[in-house]
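**Q**
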Amino acid sequence: MPKLGTPTGTIEVLQKYNFNFQKKFGQNFLIEPRVLETIVEAAGVGKDDCVLEIGPGIGTMTQYLAEEAGKVVAVEIDKALIPILKDTLAAYPNVTVIHGDILKMDVKELVRERNAGKPVKVVANLPYYITTPIIMQLFESHVPLESITIMVQTEVAERMQVGPGTKDYGALSLAVQYYSRPEIVTHVPPSCFMPKPNVGSTVIRLARYEQPPVVTTDEEFMFKLIRASFNQRRKTLVNGLCNASGLNLSKAEVAEALEKMELPPAVRGETFTLEQFARLGSLLYKGRIQ
Ligand code: SAM
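Residue numbers (the working numbering): 1 to 290.
1) Under 9 Å, do valine 143 and methionine 160 count as touching if we go by C-beta distance?
2) For valine 215, count neighbouring Cβ atoms within 10 angstroms of its own Cβ and tell me buried if that reaches 16, exposed if not.
3) Hey, out of Tyr178, Ile102, Tyr64, whose CA is closest to leucine 206's CA?
4) DSSP three-state label for glycine 281, please.
5) Going by DSSP, what residues sit across from valine 73 in a beta bridge?
6) Can you check whether the CB of methionine 222 is closer than 9 Å to the CB of leucine 172?
7) If you draw a straight line from the C-alpha of glutamate 41 to the C-alpha of glutamate 68, how long is it?
8) Suppose contacts are defined by Cβ-Cβ distances below 9 Å. Is valine 199 in contact with glutamate 155 by that definition?
9) Write down every uninterrupted run of the beta strand (DSSP E) in the segment 132 to 202 whose length is 3 residues or greater and which is fully enclosed by it, in chain order.
10) Spatial neighbours of lysine 118 within its chain, please: CB distance less than 8 Å, with the 5 preceding and 5 following residues excluded, ordered by chain position.
11) Taking contact to mean at least 3 C-beta pairs separated by less than 8 Å, is the segment 94 to 114 in contact with the segment 66 to 84?
12) Look up valine 254 in the DSSP assignment and say whether it is helix, strand or coil.
13) According to the Cβ coordinates, are isoleucine 134 and leucine 174 closer than 9 Å?
14) Ignore the nearest five residues each way along the sequence and tell me which others in lysine 86's own chain have a CB closer than 6 Å to its CB.
15) Using the Cβ count rule (16 or more neighbours within 10 Å means buried), how would you classify methionine 151?
16) Should alanine 116 and tyrosine 17 be called a contact, given that it needs their Cβ atoms to be closer than 9 Å?
17) Do leucine 237 and valine 203 have their beta-carbon atoms positioned less than 9 Å apart in this structure?
18) Can you tell me which of Thr38, Glu275, Arg234, Ser191 puts its alpha carbon nearest to the alpha carbon of lysine 7?
19) Quick one: residues in its chain with C-beta nearer than 6 Å to the C-beta of proline 212, no 5 flanking neighbours on either side, listed in chain order?
20) Please report the Cβ distance between threonine 271 and glycine 165, rounded to the nearest whole angstrom; I am assuming they are in contact, meaning their Cβ atoms lie under 8 Å.
21) Among residues of its own chain, excluding the 5 on either side of glutamate 158, which ones have a beta-carbon nearer than 6 Å to its beta-carbon?
22) Just curious, the alpha helix (DSSP H) that valine 107 is in, first and last residue?
23) Let me know if leucine 284 comes out buried or exposed under the rule of 16 or more other beta-carbons within 10 Å of its beta-carbon.
24) According to DSSP, asparagine 125 sits in a beta bridge with which residue or residues?
25) Count the other C-beta atoms from every protein chain shown that fall within 10 angstroms of the C-beta of leucine 30, then say buried if there are 16 or more, exposed otherwise.
26) Compute the Euclidean distance between the alpha carbons of threonine 131 and isoleucine 39, then round it to the nearest angstrom.
27) For phenylalanine 29, write down the residues that DSSP places opposite it in a beta bridge.
28) Would you tell me roughly how many angstroms separate the C-alpha atoms of leucine 247 and proline 265, rounded to the nearest one?
29) Rounded to the nearest angstrom, what separates serine 282 and serine 245 at their Cα positions?
See below:
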């Protein structure tokens with residue numbers, strides 16, 4: 001089986017297996033070797049590493065990863081790709097392909113089974129329709145991981161690294177920046193994929209922090225506050241939080257916390273930094289029975 005990652009190599013495999021792209025699975029396969037090399041290099045994969053690849057497709061990036069990593073565990077949802085992967089990855093005994101939906105899997109358990117619970121490096125050309133849920137799942141369920149190096153829609157990469165006061169700032173920015181240090185690796189034009197996506201793409205690397213950059217009493221509670229604030233973006237923080245179901249906060253409680261933080265009562269959540277959400281979380285959590 002020749003090395004994939006070129007238009008001819010990809011077309012050959014697609015024709016051999018009479019494969020039809022499934023739009024519902026966000027299938028846009030990489031056909032540009034330089035992009036593949038850049039991703040693998042940015043991920044800093046070496047022989048001591050176990051890589052978790054989400055969505056191997058026909059195994060293009062998997063081949064590149066398998067050459068550098070100690071082992072690769074690749075999770076693919078599309079059943080039609082499983083026999084193809086068996087063929088394209090036959091020369092790589094360090095690869096394990098798992099048929100499944102990453103969002104329905106216990107990834108922490110998977111890492112325990114496949115890498116004795118030691119941190120993995122996640123590398124993926126992600127299906128764009130579920131980028132945010134995948135990232136949130138990896139972080140929030142505390143999957144042991146060192147870094148996440150992923151291809152995402154450019155707009156989403158921007159949302160991950162912006163700060164307060166911009167329209168792209170939101171719950172995703174705060175979650176990414178609480179758990180990791182984001183760094184843009186490169187922008188990738190649609191011509192590097194088959195079929196071409198109708199959006200620009202960007203490779204971003206998220207280096208997991210050992211300790212989050214801010215301290216808050218209860219992480220889960222802080223993220224509930226963050227979500228509630230951005231769900232009602234146009235409202236003041238006081239109204240946004242008091243209207244949120246499940247939080248049970250009174251106006252007086254929130255106003256008192258804001259006063260302690262020396263902030264005006266009409267402040268909006270979208271101006272809040274991560275530090276401020278952490279402090280607000282600690283003030284409001286105090287004495288609460290969850
Ligand atoms: N890695 C390949 C490449 O770079 O050429 C394919 C990338 S393609 C953008 C995304 C891949 O993720 C597809 O193979 C798709 O079938 C798979 N996928 C989509 N949803 C998934 C899910 N929930 N769990 C696992 N894989 C999924």
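Beta carbons are placed, not taken as given, at the ideal position from N, Cα and C, and that holds for glycine.
**A** Well, looking at it:
1) Working through the sequence shown from its first residue, we reach residue 143 at position 143. Working through the sequence shown from its first residue, we reach residue 160 at position 160. Contact flag unset, no.
2) Counting from 1 along the sequence shown, the entry for residue 215 is found at position 215. Looking at its Cβ environment, which holds fewer than 16 other Cβ atoms inside 10 Å, valine 215 is exposed.
3) Residue 206 sits at position 206 when you count from the first residue of the sequence shown. The option with the nearest alpha carbon to leucine 206 is Tyr178.
4) Here residue 281 corresponds to residue number 281 of the sequence shown, with the count starting at 1. Three-state DSSP puts glycine 281 in a helix.
5) The residue you call residue 73 lines up with position 73 of the sequence shown. DSSP lists Leu52, Thr96 as partners of valine 73.
6) Here residue 172 corresponds to residue number 172 of the sequence shown, with the count starting at 1. Here residue 222 corresponds to residue number 222 of the sequence shown, with the count starting at 1. Their beta carbons are not under 9 Å apart, which means leucine 172 does not touch methionine 222 by this criterion.
7) Sequence index remark: in the sequence shown, residue 41 carries index 41 (1-based). Sequence index remark: in the sequence shown, residue 68 carries index 68 (1-based). Answer to the nearest angstrom: the Cα atoms are 9 Å apart.
8) As a first step, residue 199 must be located in the sequence shown, where it is residue number 199. As a first step, residue 155 must be located in the sequence shown, where it is residue number 155. Cβ distance < 9 Å, so valine 199 and glutamate 155 count as in contact.
9) 145 to 153, 180 to 188
10) As a first step, residue 118 must be located in the sequence shown, where it is residue number 118. So the list reads Cys50, Val111, Pro144, once near-sequence residues are dropped.
11) yes
12) Translated into positions along the sequence shown, residue 254 becomes position 254. It is helical.
13) Along the sequence shown, one-based indexing puts residue 134 at 134. Along the sequence shown, one-based indexing puts residue 174 at 174. No.
14) To locate residue 86, count along the sequence shown from 1; it is residue 86. Around lysine 86: no qualifying Cβ.
15) Reading the sequence shown from its first residue, position 151 is the one you call residue 151. Classification of methionine 151: buried, given that the 10 Å Cβ count is 16 or more.
16) In the sequence shown, the residue the question calls residue 116 occupies position 116. In the sequence shown, the residue the question calls residue 17 occupies position 17. Going by C-beta atoms, alanine 116 is not nearer than 9 Å to tyrosine 17.
17) Translated into the one-based positions of the sequence shown, residue 203 becomes position 203. Translated into the one-based positions of the sequence shown, residue 237 becomes position 237. Their beta carbons are not under 9 Å apart, which means valine 203 does not touch leucine 237 by this criterion.
18) Here residue 7 is taken as the residue at index 7 of the sequence shown, counted from 1. It is proline, not lysine, that sits at residue 7 in the sequence shown. Closest option to proline 7, Cα to Cα, is Ser191.
19) Position 212 of the sequence shown, counted from the first residue, corresponds to residue 212. Excluding sequence neighbours, proline 212 sits near Tyr178.
20) Position 271 of the sequence shown, counted from the start, is the residue given in the question as residue 271. Position 165 of the sequence shown, counted from the start, is the residue given in the question as residue 165. Indeed, because the Cβ distance is near 6 Å, the residues count as touching under 8 Å.
21) In the sequence shown, the residue the question calls residue 158 occupies position 158. Cβ neighbours of glutamate 158 beyond the five flanking positions: Asp168.
22) Within the sequence shown, the letter at position 107 stands for residue 107. Its alpha helix (DSSP H) spans residues 107 to 115.
23) Translated into positions along the sequence shown, residue 284 becomes position 284. Buried.
24) Looking up residue 125 in the sequence shown gives position 125. Looking at the DSSP assignment, asparagine 125 forms a beta bridge with Met151.
25) Translated into positions along the sequence shown, residue 30 becomes position 30. Label assigned to leucine 30: buried.
26) Within the sequence shown, numbered from 1, the residue matching residue 131 stands at position 131. Within the sequence shown, numbered from 1, the residue matching residue 39 stands at position 39. The straight-line gap from Cα to Cα measures roughly 17 Å.
27) Within the sequence shown, the letter at position 29 stands for residue 29. Met194.
28) Position 247 of the sequence shown, counted from the first residue, corresponds to residue 247. Position 265 of the sequence shown, counted from the first residue, corresponds to residue 265. So the alpha carbons of these two residues sit roughly 19 Å apart.
29) What you label residue 282 is simply residue 282 of the sequence shown in a count that begins at 1. What you label residue 245 is simply residue 245 of the sequence shown in a count that begins at 1. C-alpha separation (whole angstroms): 19 Å.
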